[in-house]
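In our numbering, the protein residues as written are 2 to 589. Even glycine gets a Cβ: it sits at the ideal position worked out from N, Cα and C. Take a look at the structure below.
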Amino acid sequence: MKSFFKTMLACLAGIIIAGALSVFALVSLIGAVTSMGNEDEGIKENSVLMLDFDGTFGERADENPFSSLMNDGKNSYGLEDIIASIKEAKKNPDIKGIYLQAGTMEIEFASLEEIRGELESFKESGKFVVAYGDQYSQWLYYLASVADKVVVNPEGSISWHGLASQPIFFKDLLEKVGVEMQIFKVGTYKSAVEPFIATEMSDANREQVSEYIASIWNDVVNAVSQSRGIEAGKLNEYADRFMDFCQAEEYVECGLADTLLYKDGVLDYLKTLAGAGNDGKLAITALEDVKGKIEIDNLVADAGKAKIAVYYAVGDIDGSSSPDEGINSKKVIKELRELREDEDVKAVVLRVNSPGGSAYGSEQIWREVVMLKAAKPVIVSMGDYAASGGYYISCAADCIVANSTTLTGSIGIFGMIPVAENLLKEKIGLDFDVVKTNRLADLGSLSRSFNSEESAILQNYVNDGYDLFLKRCADGRNMSVEEIDKIGQGRVWTGNKAKELGLVDEIGDLDKAVGIAAQKAGLGEYVVKSYPEATDFMTELLEGDEKDYMESALRTAMGEYYDCIRFVRNIKNAAPIQARMPFELNIR
């Protein structure tokens, strides 16, 4: 009887909680429908679209409404939404211009390149772009330099000092705790293992890093030079002076900025440009306002049209125990299969932003891309990274499009298996013995290093993986294995160089990839749909756990070191054989 009442009370509590959540969901739905009905309230006449580059950034925004609470009030922004909002602002007669507010957001150059290109297109409409910053990071100054007016706070600064790559090395730390990494790799330039076995860059790695950061910097300098009307040589002179700590007046004198204003002065200036007058109120349109209008318009305009699917493959490949973190190969295969079988989807753009990961997982995704390609056109659009495993899953596409500053290639394989003999025996005081039926039955034990026979087995396995990688790339790119091997060897290339070498077909952004997909599918009218489809917050709340929120907070707190720490943390979950680029490039 006691058990019966306990069960009954538990069921009752469950019903009450479920009911409360249902009410919450209903209220949310009503709010969403109400906001859809008032679509014109978000964008006012003579308004200015504000793009506030403060918060976290990714290919797609985090739709969790509580994420800003976990991130000290900072919002999550997605490249997808920013680009779409700039497009809407260009054609919307109520939006008179764009106001860029430089904050502390960290964005890689390839993503900034796409946003910058869209802003250049926006300016063709005759509308204005004004940028303001208290302290411009070098990343965001590159973006802001496209503006008609670059404004800096009278006590503010502009970072302009060139690029440097400073990887972190763990070899000494591992020795102190008694752990050694056993390395098996193919590729002279395959440097992802170096932080665990060295204390400085190898000559080969220094060569490749020097080349690609010089290439990225040249692109940045040339873009700023064209926008600001400053010779490239002068911009490099300024970088050599390390402009970060100059008096603000110097930025105007040397042409990096147009004027010095406090925030209130910028707002008054925007009022004038927008036609509000000195006594008028500045109408600011937020990204969310434009995003909401786009969603409503699409509901009407997209009906009955053929679909081009943009599938986002972002993050490490099978690098985490969480199915929702990074690229989970099983999940991706299932979703690509669904797109292959969907008759309304006429072409697929695979948006890849990944440094790679599991070689096995990459092979499985490659296979699904091949089958998808047999059914409909597949175009790859590369983001900040599409390297190693990221290139593996891209190489079979009908066409590969990359930004000029995308980091790609890194065609190579490595295995990294820890041994903790010193930690376990010398530092902790554990002793081990073994009984086995066969000679190599205990291969991979943490308590001892590999012997020569075991090492040969692992190296042969890695060699076979590299040979397969070469063949996949050769078949996909219509090149010989020997040609791929010459530009492979784990070497990282920028998008511009990759095009010269035949690893990439076109330089351009996601829009260009979509256009190519439409052309190959023979589509005149079509709608672009993003996948995986966003999960509503209520579902995530019910199916998720506290780890997702803690992960978000950790990413914000650790900043540029987050990926490095996460990689080390996930070593135990990672596949032993990896197709991955250097896990922490740390270009600043």
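The DSSP-derived three-state label of Trp494 is strand. In the DSSP assignment, Cys400 forms a beta bridge with Ile380. Taking a C-beta distance under 9 Å as the contact criterion, Thr409 and Thr495 qualify as a contact pair. Rounded to the nearest angstrom, the gap between the Cα atoms of Leu101 and Ile44 is 17 Å. The alpha-carbon separation between Val194 and Val315 amounts to approximately 22 Å. For Asn154, there is no enclosing alpha helix (DSSP H); the residue is part of the beta strand (DSSP E) that begins and ends at 150-159. By the Cβ neighbour-count rule, Arg352 is buried, with 16 or more other Cβ atoms within 10 Å of its own. Membership of Ala307 in the beta strand (DSSP E) is indicated by the continuous run 307-315. Selection Ile309, Ile412, Ser166 evaluated against Gly523 yields Ile309 as nearest (Cα-Cα). Here the stretch 127-134 makes no contact with the stretch 420-432; the two share fewer than three CB pairs at distances below 8 Å. Nearest in C-alpha terms to Gly266, of all of Lys498, Glu109, Asp135, Ile412, is Asp135.
Here the alpha carbon of Asn237 sits roughly 16 Å from the alpha carbon of Ser211. Excluding sequence positions up to five before and after Asp399, its CB lies within less than 7 Å of the CB of Lys374, Pro378, Val379, Ile380, Lys521, all in the same chain and listed in chain order. Judged by pairs of C-beta atoms under 8 Å, the stretch 140-157 does not touch the stretch 172-192, as fewer than three such pairs exist.
For Ser226, the secondary structure class from DSSP, reduced to helix, strand or coil, is helix. Beta-bridge analysis with DSSP links Met417 to Ile184. With respect to the C-alpha of Gly416, the residue from Gly391, Lys306, Ser126, Gly445 having the closest C-alpha is Gly445.
Closest option to Asn354, judged by alpha-carbon separation, among Ser382, Leu288, Thr105, Glu454: Ser382.
CA-to-CA, the gap between Asp204 and Gly188 works out to about 13 Å. The stretch 468-482 and the stretch 334-346 do not touch, with fewer than 3 CB-CB distances between them shorter than 8 Å. Contact between Tyr532 and Tyr263 is absent: CB atoms are separated by about 45 Å, not below the 8 Å threshold. Where Val350 is concerned, the enclosing beta strand (DSSP E) starts and stops at 346-355.
For a cut-off of 8 Å, the C-beta gap from Val482 to Ser411 is around 17 Å, too long to register as a contact.
Excluding five sequence positions before and after Val463, the CB atoms of its chain that fall closer than 8 Å to its own CB belong to Phe185, Lys186, Val187, Ile414, Phe415, Gly416, Ile578, given in chain order. Per DSSP, reduced to three states, the secondary structure at Met51 is strand.
Ranked by how close their Cα comes to the Cα of Val49, the residues Glu534, Phe170, Ala275 have Ala275 in first place. CA-to-CA, the gap between Ala518 and Ile217 works out to about 28 Å. Residue pairing by DSSP puts Phe58 in a beta bridge opposite Tyr78.
Distances from the CA of Thr286 to each of Ala348, Ile485, Pro94 were compared; the closest alpha carbon is that of Pro94. By the Cβ neighbour-count rule, Gly327 is buried, with 16 or more other Cβ atoms within 10 Å of its own. With fewer than 16 other Cβ atoms from the protein chains shown falling within 10 Å of its own Cβ, Gln167 counts as exposed. For Ser531, the enclosing beta strand (DSSP E) covers residues 527-532. Counting C-beta atoms within 10 angstroms of its own C-beta, Ser450 has fewer than 16 neighbours from the protein chains shown and is therefore classed as exposed. Between Asp512 and the set Ile87, Ile96, Glu289, the nearest pair of CA atoms involves Ile87.
Around the beta carbon of Ile394, 16 or more other beta carbons lie within 10 angstroms, which makes this residue buried. Contact between Ala388 and Met582 holds, with the beta-carbon distance rounding to 4 Å and staying under 8 Å.
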